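Enquirer:
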Amino acid sequence: MKHSSLIGIVATTLIVMTDAHTTFTTLFVNDVSQGDGTCVRMSMDPQTCSYPIASISSDDMACGASGSQPVAFTCPASTGGKLSFEWREWADAEQPGAIDISHKGPCAVYAKQVQNMTTDSAAGPGWIKLWDEGYDDTSGKWCTEKLIDNNGLMSIDLPEFLSSGYWLIRPELLALHEADKGDPQFYTGCAQVYIQNGSPAPLNVPAEYSVSIPGYVKSTDPGLTFNIYSPKFPYPMPGPKVYQPAESASKAVLASASSKVSQQSKGVIPSNYLIKNANWVGVEVPDYSTEDGCWKSSEACFAQAKECYDSAPPTGSANCHVWENKCDGISAACNAGNFNGPPNKGQKLQSKGPAPPPEIPAAVNARRSRKLRIRRAKALDVRLL
Ligand SMILES: [Cu+2]
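Going by this note's numbering, the first residue of the sequence shown is number 43, and it counts up by one from there.
1) In angstroms, rounded to a whole number, what distance separates the CA positions of L428 and A140?
2) Cβ atoms of A153 and H104: under 8 angstroms apart, would you say?
3) DSSP state of N367, grouped into three classes?
4) Closer than 7 angstroms by C-beta to P355: which residues in its own chain qualify, once you throw out the five before and the five after it? Chain order, please.
5) Could you tell me the distance, in whole angstroms, from the CA atom of Q428 to the CA atom of G388?
6) Which same chain residues end up closer than 8 angstroms to I311 when comparing Cβ atoms and leaving out the 5 residues on each side of it in sequence?
7) In the structure shown, what three-state DSSP assignment does G166 receive?
8) Whose CB is closer than 7 angstroms to a heavy atom of ligand 1? List the residues in chain order.
9) Evaluate P167 with the Cβ neighbour count: other Cβ atoms within 10 Å of its Cβ, from every protein chain shown; 16 or more gives buried, anything less gives exposed.
10) Based on the DSSP secondary-structure assignment, which residues constitute the bridge partners of R314?
11) What ranges does the beta strand (DSSP E) occupy inside the region 156-203, keeping only unbroken runs of at least 3 residues that lie completely in it?
12) Spatial neighbours of T55 within its chain, please: C-beta separation below 6 angstroms, excluding the five flanking residues on both sides.
13) Rounded C-beta distance between K172 and V151? I'm assuming under 8 angstroms.
14) Rounded to a whole number of angstroms, what is the C-alpha to C-alpha distance between S254 and I98?
15) Just list the alpha helix (DSSP H) runs in the region 97-155, keeping only unbroken ones of 4 residues or longer that don't cross its boundaries, in chain order.
16) For I372, which residues does DSSP report across the bridge?
17) DSSP three-state label for C336, please.
18) Candidates L204, S205, K188, F203: which alpha carbon is nearest S197's?
19) Identify the continuous alpha helix (DSSP H) that holds T64 and give its terminal residues.
20) So which of S359, E202, C232, G77 has the shortest CA-CA distance to A288?
21) Under 8 angstroms, with one C-beta from each stretch per pair, do the region 63-73 and the region 124-131 reach the 3-pair mark?
22) Considering L266, what are the terminal residues of the alpha helix (DSSP H) in which it resides?
23) Give me the Cβ distance between G123 and L200, rounded to the nearest whole Å; I'm assuming they're in contact under 8 angstroms.
24) For N3, count neighbouring C-beta atoms within 10 Å of its own C-beta (all shown protein chains included) and say buried if the count is 16 or more, exposed if not.
Structure (structure tokens):
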């Protein structure tokens with residue numbers, strides 16, 4: 043019995059390995075990791091989370107499988123700040139790798155402002171493209187090859203024109219290794235981001251730049267049928283043009299933006315947590331001084347552990363396990379007759395999980411003038427003082 047179940051595990055691992063494609067797992071804000079899965083809408087199925095989107099007409103094209111479901115946390119960021127997206131072949135980094143070298147193709151980043159992060163399913167109109175890159179003549183590399191060179195990371199600067207409020211930021215990869223056989227493979231996911239220093243007015247985008255996802259690409263687009271084995275460059279980038287506001291519009295945005303910091307009210311990560319796993323945090327259990335109180339707090343601790351495991355995305359549950367150890371400590375104390383607690387009250391727990399990438403690449407769209415950036419930084423400093 044024991045023997046056969048072991049074979050089962052080995053077989054499953056082999057299947058997962060041969061099928062590994064890629065998943066967007068981790069958001070970085072200004073080079074700081076927000077934690078695996080934190081503020082990220084990704085497929086919740088560990089067996090299939092790295093698979094390409096099944097169909098380009100599916101709603102999964104917006105934020106991936108499970109992408110219609112919000113996650114609890116939305117990460118704050120600022121225009122002029124930097125976002126980086128980490129892609130992994132294995133969501134929990136059990137094996138290294140960003141994407142297989144065979145999966146050559148372009149990358150892009152899209153964004154959509156949403157009124158309500160907890161109810162917006164992501165699919166539908168209102169998406170703009172912030173950046174894209176196909177094949178780079180100079181280096182002779184596809185965007186996905188550069189992603190591999192950058193340890194699975196791609197970075198963009200958040201443009202000044204983004205309005206304050208809740209945004210879905212959507213990195214996208216398109217692997218073209220089967221495109222000539224009619225199977226272009228899209229990979230995507232979304233970061234839930236709150237922009238705190240943008241213009242208070244919603245962004246007014248001319249129709250030519252605003253697209254619906256799904257719907258923004260067709261199977262007959264030359265960028266989706268492109269033959270990478272006998273390529274005819276330049277590569278025809280699919281989707282809309284990268285949005286660039288008219289000069290006058292961008293000046294107006296800057297003028298109105300620099301005087302206000304907008305306050306995030308939903309999806310804020312609590313500041314008093316002891317440990318975080320993706321979109322779950324563990325907070326200290328109630329004080330106790332009786333046997334009954336001890337067991338109640340032990341139960342409350344394990345209830346939080348269950349929530350942690352239940353909500354853990356395929357990036358893993360390493361920190362749920364750390365939390366569970368704390369709960370074990372409480373029940374051990376109860377058993378030992380120590381009814382004053384909790385032990386190590388309020389002490390932060392040491393996070394476990396994969397090591398962060400050794401280096402975070404520069405933003406690919408860093409094109410704003412230094413002058414503007416300094417002006418923005420100064421405006422922010424004044425407000426923060
Ligand atoms: Cu693949």
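Positions of the beta carbon are idealized from the N, C-alpha and C atoms, including for glycine. In this text the structure is predicted, and so the values were computed from the model without any measurement.
Expert: Checking against the coordinates, here is how it stands:
1) Here the chain comprises residues numbered 43 to 427, so residue 428 is not present and cannot be evaluated.
2) Here residue 104 is Ala; the residue named in the question, His, does not match the sequence. Taking 8 angstroms as the Cβ cut-off, A104 and A153 do not qualify as a contacting pair.
3) Helix at N367.
4) Result list for P355: G79, M84, M86, A320, in chain order.
5) The displayed coordinates of the chain run from 43 to 427. Any statement about residue 428 would go beyond what the structure contains.
6) Here I311 has T80, F115, C117, K318, V323 as same chain residues with Cβ atoms under 8 angstroms from its own Cβ, once five neighbours each way along the sequence are excluded.
7) The answer is strand: DSSP assigns G166 an E or B state.
8) The filter returns H63, P94, D142, H145, A217, Q227, in chain order.
9) Around the Cβ of P167, a 10 Å sphere holds fewer than 16 other Cβ atoms; the residue is exposed.
10) Here residue 314 turns out to be Asn, not Arg, going by the sequence shown. Under DSSP, N314 forms no beta bridge with any residue.
11) Secondary structure in the region 156-203: the beta strand (DSSP E) runs of 3 residues or longer, each lying completely within the stretch, are 166-175, 195-199 in chain order.
12) Residue placement at T55 is flagged as unreliable, the pLDDT there being 43, under the threshold of 50; the coordinate-derived value follows with that caveat. Excluding residues within five positions, none has a Cβ falling inside 6 angstroms.
13) It is worth fixing the name first, because residue 172 is Leu in this sequence and not Lys. Sure, about 5 angstroms apart at Cβ, within 8 angstroms.
14) A straight line joining the alpha-carbon of S254 with that of I98 spans about 12 angstroms.
15) Complete alpha helix (DSSP H) runs here, min 4: 102-105.
16) Answer by DSSP bridge pairing: none, since I372 is not bridged.
17) Here C336 sits in helix by DSSP.
18) When C-alpha distances from S197 are compared across L204, S205, K188, F203, the shortest belongs to K188.
19) No alpha helix (DSSP H) contains T64, which DSSP labels as neither H nor E.
20) Distances from the CA of A288 to each of S359, E202, C232, G77 were compared; the closest alpha carbon is that of E202.
21) Judged by Cβ distances under 8 angstroms, the region 63-73 makes contact with the region 124-131, as three or more pairs qualify.
22) 264-267 is the extent of the alpha helix (DSSP H) around L266.
23) Taking 8 angstroms as the upper bound for CB-CB distance, G123 and L200 are in contact here, some 5 angstroms apart.
24) Residue 3 is absent from the structure shown; the chain starts at 43 and stops at 427.
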